[in-house]
Amino acid sequence: MADKSVRGTADVTDGGNSQVLSRRSILRMSLLGSSALFAGPALAACGTSSGGSGSTASQNVTIGVVGDMVNFDPYYNGTVDFILLQNLNTFLIDYDDKLKPQPAALTSWEISSDHTQVTLKLRPNLKLQTGKTWTADDLVQGFKRAADPAEGQQLNGPMAIVKDYKATDSSTVVLTFNQPVPELLITDLLESFPAVDSADNSSKELASKPASGGPFQLVSRDPGNDVVISRWPDYWNAKNVHLEKVTFRIFDNADAMVGALQSGALDAAYSLPAKNASQLKNQYAIVKGYPGALVQCLRINVNTAPWDNIKLRQAVSRALDRERIAREVYFGYSVPLYLPWGPDSPANDRSYAKMNSFDLNAAKQLWQEAGSPAGAEALADGSDADALQMLQILQQDLKQIGFDLKITTVDKATFTKRLLAGDFGILFGAIGNSSKSPSRVDTNSIFRIVKNPVLKDKVPQEYIDAIKASERAVTPDQAKAAYAQLNKVITEQAFGIPVCDMPTLTATKKSLTGVTRDVDNRLVLEGAKVS
């Protein structure tokens, strides 16, 4: 059944002191990623006029983001759209910080005793911003779209567990699974799934306008400049929405965004570099991301020599100074990770911190067992200062054991193309979705068990078996055994080596409170207000 406990909290640093802000829904407003902003008349800054919800301060704010959004499609769920996803959409359920599911578009979800079905109860009279009331038929059509590889986008992978979906009445939908499925894998699917008007539920229609029922509605979009949203009075939990209007202003780079924040032109800046957050923490409140929502990962192509040698890959893992990277690259806003899970993941095993610790003597021994290869090339995005610094740290340590790592930089477009095509030997690239059900790590290209663009036909069979066992692990004992085997295989194979969590940091004026994020680090503005 639905868990009715209160939602989670987000850690905020204010002048170097830590405080906790309560929030209605840690998952409800995360869709406001890097989005385009409104090019029309400038909105009032905080505190300049009377605002909504009984406040005497203006509830109009401007938030800076780096990079333009892609679309309004919640099935896409890309990081560039994280400013909008939770703010323009309502998802079936939310998670609190302990991954306990909370009601949202659904009021309840009942998993069958054999874990082969889940019965979904829709929230009655849920209004969509297209003007209609959400129905069971809309939800069924939504599942049908997700199951279509050509239309499902990021929801197509999670839908692989679903065998059938049907409405049993106007407010009830039943999902049937291909096999018994763990509860966390079921709620992961529901947490990612939006309530959308079936008439507009396609990649084409959602490219230019939303069709869900979130706390805010779209006012305007000026590609490359800004996006404006406003409070939607028909939202099912409208009493908790205080901001009247939000302008997301698009910047080409973080330096320009930080300059605008310091000048007073912005009330907040989303996804601030850790270096800037460290410099601004006394003047602004710093909202920290969810631990492990994004994990910095060293990706290795086993089809490229000398990386086809497992001992060399293991040597690199022991030569990674994760603590130094967390300290020097991310200024203490990150924690070292020795497995690709956040600290609250059910698969996390703290004993791996010792087994995979930084040890150049162990690294040199493994390098010698690999045949003492002379060196190789690493690929880097020349515009990504953090990745370059991490490679330079690794380069220095590998040189001490006798291995010469040469760093080749390319422009961002070329880097992205080569990353997605598997055209590299070794590089740093963050992964997501690993803070939830452990088998969801399979949604990242380097960890896919099917159509892996990097490993191709050399995905280790023991890794495939471990992922499938995790997907079948219904009981606590089954889960414990499956996660232990998955951790062992990922560490031994060392084709995706976790380094640390990649922090998502948001700086806000101290007069703007209640800004938070969900467990995916999507921006949440429900509950935010100007005082």
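Quick note, the sequence shown lines up with residues -44 to -1, 1 to 487 if you use mature numbering (1 follows the signal peptide of the UniProt record, and there is no 0). Note that beta-carbon positions come from the ideal geometry of N, C-alpha and C, so glycine has one too. This one's a predicted model, so the numbers in the text were calculated from it and none came from an experiment.
According to DSSP, residues forming a beta bridge with residue i
i    : result
N16  : K201
T46  : Beta-bridge pairing links T46 to no other residue.
W65  : L76
E333 : K362
P57  : Y51
L131 : V74 and Y121
P416 : None; P416 has no bridge partner.
I453 : L254
T472 : V480
V22  : F207
Q110 : Paired residues: none, contrary to the question.
G248 : Bridge partners of G248: none, in fact.
R187 : F172
Classification of residue i by the beta-carbon crowding that lies within 10 angstroms, buried from 16 upward
i           : result
N81         : exposed
M311        : exposed
P229        : buried
R306        : exposed
A400        : Looking at the sequence provided, one finds Asn at residue 400 rather than Ala. Per the 10 Å Cβ criterion, buried.
A332        : buried
T203        : buried
K160        : exposed
K119        : exposed
T343        : One detail in the question is off: residue 343 reads as Ala in this sequence, not Thr. Result: buried.
G381        : buried
A163        : exposed
residue 542 : Outside the displayed span of the chain (-44 to 487) sits residue 542, for which this structure offers no information.
S390        : buried
T462        : buried
A106        : exposed
P296        : buried
T372        : exposed
D153        : buried
E284        : exposed
L376        : exposed
residue 488 : As shown, the chain starts at -44 and ends at 487. That puts residue 488 outside it, with no answer to give.
N317        : exposed
G113        : buried
P299        : exposed
D182        : buried
P394        : buried
Alpha-carbon to alpha-carbon, residue j and residue i
i     : j    : result
V137  : L48  : 18 Å
A194  : L174 : 16 Å
D211  : P30  : 29 Å
L111  : I405 : 17 Å
A1    : K237 : Confidence at A1 is low in this model, with a pLDDT of 37, below 50, so its placement is unreliable and the value that follows should be read with caution. Cα to Cα, A1 sits roughly 21 Å from K237.
M115  : G385 : 25 Å
P57   : D50  : 6 Å
A249  : S467 : 27 Å
N209  : V22  : 6 Å
R101  : D421 : 29 Å
K485  : I206 : 22 Å
W263  : R269 : 6 Å
P59   : R255 : 37 Å
I142  : A13  : 42 Å
G169  : A275 : 49 Å
T128  : Q252 : 40 Å
Q449  : K424 : 17 Å
A192  : R428 : The identity of residue 192 in the sequence shown is Trp, whereas the question assumes Ala. Rounded to whole angstroms, W192 to R428 spans 36 Å at the Cα level.
Q348  : L335 : 12 Å
L(-2) : I185 : Any reading at L(-2) must be qualified, since the residue scores a pLDDT of 33, below 50, and its modelled position is unreliable; the value itself is stated next. If you take the alpha carbons of L(-2) and I185, they lie about 11 Å apart.
D93   : A123 : 7 Å
Option in the options with minimal Cα separation from residue i
i    : options                   : result
D367 : D340, M346 and I256       : D340
P65  : T472, V130 and S227       : The sequence given here places Trp at residue 65; Pro does not occur at that position. Nearest option by C-alpha distance: V130.
I363 : M346, K373, I453 and T372 : M346
H198 : E427, N16 and L461        : N16
L36  : R396, T460, P247 and P299 : Note on residue identity: the sequence assigns Val, not Leu, to residue 36. When each option's Cα is compared against that of V36, the closest is T460.
D476 : N45, P105, N27 and S148   : S148
N257 : L55, T469, L40 and F451   : F451
N45  : H71, F133, R187 and K100  : R187
D413 : L217, S426 and N259       : N259
Q351 : Q321, V272, R374 and T18  : V272
D457 : P329, T447 and L293       : L293
A440 : S301, A224 and P189       : S301
V26  : R177, V251, G298 and V291 : R177
S126 : Q97, T91, S219 and P150   : T91
I19  : L95, L383 and K201        : K201
L95  : A167, F403 and R280       : A167
D398 : L442, A221 and T72        : L442
A303 : D24, A435, D277 and I39   : A435
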